Amino acid sequence: KQEVTQIPAALSVPEGENLVLNCSFTDSAIYNLQWFRQDPGKGLTSLLLIQSSQREQTSGRLNASLDKSSGRSTLYIAASQPGDSATYLCAVTQGQGFSFIFGKGTRLLVKP
Amino acid sequence: EAGVVQSPRYKIIEKKQPVAFWCNPISGHNTLYWYLQNLGQGPELLIRYENEEAVDDSQLPKDRFSAERLKGVDSTLKIQPAELGDSAVYLCASSLDVSSYNEQFFGPGTRLTVL
Chain P
1 KQEVTQIPAA LSVPEGENLV LNCSFTDSAI YNLQWFRQDP GKGLTSLLLI
51 QSSQREQTSG RLNASLDKSS GRSTLYIAAS QPGDSATYLC AVTQGQGFSF
101 IFGKGTRLLV KP
Chain B
113 EAGVVQSPRY KIIEKKQPVA FWCNPISGHN TLYWYLQNLG QGPELLIRYE
163 NEEAVDDSQL PKDRFSAERL KGVDSTLKIQ PAELGDSAVY LCASSLDVSS
213 YNEQFFGPGT RLTVL
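Going down the list, the protein sequences come from chains P and B. Residue 1 is where the first sequence starts when you use the numbering used here, and the numbers rise one by one after that. Residue 113 is where the second sequence starts when you use the numbering used here, and the numbers rise one by one after that.
If you want it as structure tokens, here you go:
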């Protein structure tokens, strides 16, 4: 059974710092991996989707990498801002006919 | 383009009462998901639809939960009767098809409080 773990559970950094959020999964046979952002009391906003054949995806200050063989993905946030404060979740799916499995998320606080 | 729409945003009911949530996915999206999210946890799938067909409902507590997606567009999730432990956020998401690699788009959720 696929399990997704996110470390750390919470992170507090000063504004301007570069940071890395980690996501690991137990079954490396994934179809894709998606990173989301969730603000308090809100739904999830899609940040990046990495297909199984890809190694990374970039959007603005965000870069997500995928290493299937080791069952890991990282989300890199450059030059963090207070507006980046949110919970970041990763989810994997093992195929077109499979559903997503989510991690519990990392709560990020960027202090001004 | 409008995103995934959910209503109501908040619902407070007493235990043993029925409750229903409604979801309108992004236009043209064939796949619709209902998730349950408890505080401090990631979303957990309740049911997934491909058009009108429920293709994964293995995690849906069928003794009290039911769902439908008539005409393959809007969907309704119902709980009857509600229990205290059902208090959570119910999220709806949709995705297009194989060409989009199942990228999911979420609605704002319905926060349910059962008293």
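Glycine included, each C-beta is placed from N, C-alpha and C at the ideal position. Treat the numbers as computed from the prediction; the structure is a model and nothing was measured.
Minimum Cβ-Cβ distance from residue i to chain P less than 8 Å
| i | result |
| --- | --- |
| Q129(B) | no |
| F217(B) | yes |
| P155(B) | yes |
| R181(B) | no |
| L189(B) | no |
| N214(B) | yes |
| G140(B) | no |
| P220(B) | yes |
| L203(B) | yes |
| D168(B) | yes |
Residue i in three-state terms, based on DSSP
| i | result |
| --- | --- |
| K111(P) | strand |
| P161(P) | Any answer about residue 161(P) is impossible in this case: the structure gives chain P only from 1 up to 112. |
| K190(B) | strand |
| L144(B) | strand |
| L75(P) | strand |
| D39(P) | coil |
| L196(B) | helix |
| L151(B) | coil |
| L158(B) | strand |
Cβ of residue i within 8 Å of any chain B Cβ
| i | result |
| --- | --- |
| K42(P) | yes |
| Q96(P) | yes |
| K1(P) | no |
| K120(P) | Shown here, chain P extends from 1 to 112; a query on residue 120(P) therefore has no answer. |
| L49(P) | yes |
| L89(P) | yes |
| T93(P) | yes |
| Q34(P) | yes |
| S59(P) | no |
| S46(P) | yes |
| F100(P) | yes |
Same chain, Cβ closer than 7 Å to residue i, neighbours up to 5 away in sequence not counted
| i | result |
| --- | --- |
| E195(B) | K127, V226 |
| S52(P) | I30, Y31, N32, K68 |
| Q2(P) | F25, T26, D27, V92, Q94, I101 |
| I7(P) | N22 |
Per DSSP, cross-strand counterpart(s) of residue i
| i | result |
| --- | --- |
| Y122(B) | R223(B) |
| T45(P) | R37(P) |
| Y88(P) | R37(P), T106(P) |
| A114(B) | None; A114(B) has no bridge partner. |
| A179(B) | L189(B) |
| I101(P) | V92(P) |
| E120(P) | Any property of residue 120(P) remains undetermined from this structure, which presents chain P solely from 1 to 112. |
| S206(B) | L144(B), F217(B) |
| S65(P) | E56(P), T74(P) |
| N136(B) | V117(B) |
Same chain, Cβ closer than 6 Å to residue i, neighbours up to 5 away in sequence not counted
| i | result |
| --- | --- |
| T74(P) | V20, N22, S65 |
| F130(B) | The sequence shown places Pro at residue 130(B), not Phe. Excluding positions up to five away in sequence, the list reads Q192. |
| R107(P) | A10, T87 |
| V167(B) | R160 |
| Q34(P) | L49, A91 |
| P112(P) | E15, P82 |
| N163(B) | N142, G184 |
| P155(B) | Y147, Q149, L203 |
| Q57(P) | L48, I50, A64 |
8 Å CB neighbourhood of residue i in its chain, flanking five on each side removed
| i | result |
| --- | --- |
| R121(B) | P220, G221, T222, R223 |
| Q96(P) | Y31 |
| K123(B) | V131, F133, T222, R223, L224, T225 |
| E215(B) | S207, L208 |
| L109(P) | A10, L11, S12, V13, S85 |
- prompt: Should the region 133 to 149 of chain B be called in touch with the region 202 to 211 of chain B, which here means at least 3 C-beta pairs below 8 Å?
  reply: yes
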